[in-house]
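Chemist:
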Ligand SMILES: C[S@@+](CC[C@H](N)C(=O)[O-])C[C@H]1O[C@@H](n2cnc3c(N)ncnc32)[C@H](O)[C@@H]1O
């Protein structure tokens, strides 16, 4: 009986997020490394936010390159797993939160997103409003999705690098 309840909780935790964003599919390590070195050369001046941080693999790769990193994750099981896997990284923090209702930290320089296509336009609007609120440009790394109506600064593998400017 206890197994049933554990399974039910796991299925629920992983299942219901699809109503709020992409299901859990991790980015691949070697592509993350290329993206954070060749597409957007990440460094110690950067604060990277992963919107939907999964098991935290992107956060850890970014931390290895010297950046501060924050992940927002809706699935509490993945929050626990990513905090455990990232426990030796001081510059990684994972917050249990819905990124649609959370403002980016003021220090954010770059946002990483592995979205479902359905959410791309909503994310464009969110990034535009955050760049305007912070009154400075923000970089955006999109994995697997082209942003309609926008020209990427650069592309590499399945990634596109975009820049959002404040609207006045
Ligand atoms: C495709 S996975 C990407 C994981 C990680 N960014 C990576 O690239 O390895 C998307 C993640 O976003 C989380 N997620 C979906 N909707 C969310 C929301 N509204 N707020 C926070 N996390 C969300 C899912 O639970 C899942 O772990």
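In the working numbering, the protein residues as written are 725 to 892.
In this text, a Cβ means the ideal position worked out from N, Cα and C, and glycines have one as well.
Using C-beta distances below 7 Å, list every residue in its chain close to residue 855, excluding the 5 sequence neighbours before and after it, in chain order.
Modeler: Excluding residues within five positions, the ones whose Cβ falls inside 7 Å are 861, 862, 888, 889, 890.
Chemist: State whether the segment 827-846 contacts the segment 743-751, with contact taken as three or more CB pairs (one from each stretch) at a distance under 8 Å.
Modeler: Enough Cβ pairs lie closer than 8 Å, so yes.
Chemist: Excluding the five sequence neighbours on either side, which residues of its own chain have a C-beta within less than 6 Å of the C-beta of residue 823, listed in chain order?
Modeler: Same-chain partners within the cutoff: 775, 796.
Chemist: May I ask you to verify whether the segment 825-835 touches the segment 759-776, counting CB pairs closer than 8 Å and requiring at least 3?
Modeler: Verdict: yes, contact present.
Chemist: Answer yes if the segment 805-822 comes into contact with the segment 778-791, meaning at least three C-beta pairs across the two stretches below 8 Å, and no otherwise.
Modeler: These segments touch.
Chemist: For residue 778, is the beta carbon positioned less than 7 Å from some heavy atom of ligand 1?
Modeler: Yes, the beta carbon of residue 778 sits closer than 7 Å to at least one heavy atom of ligand 1.
Chemist: According to DSSP, what are the bridge partners of residue 817?
Modeler: 794, per the DSSP bridge assignment.
Chemist: Check this for me: beta carbons of residue 802 and residue 778, under 8 Å apart or not?
Modeler: Yes.
Chemist: Are the segment 866-881 and the segment 754-762 touching, with three or more C-beta to C-beta distances below 8 Å?
Modeler: Short answer: they touch.
Chemist: Using the C-alpha atoms, what's the distance from residue 726 back to residue 793?
Modeler: Each residue's alpha carbon lies about 36 Å from the other.
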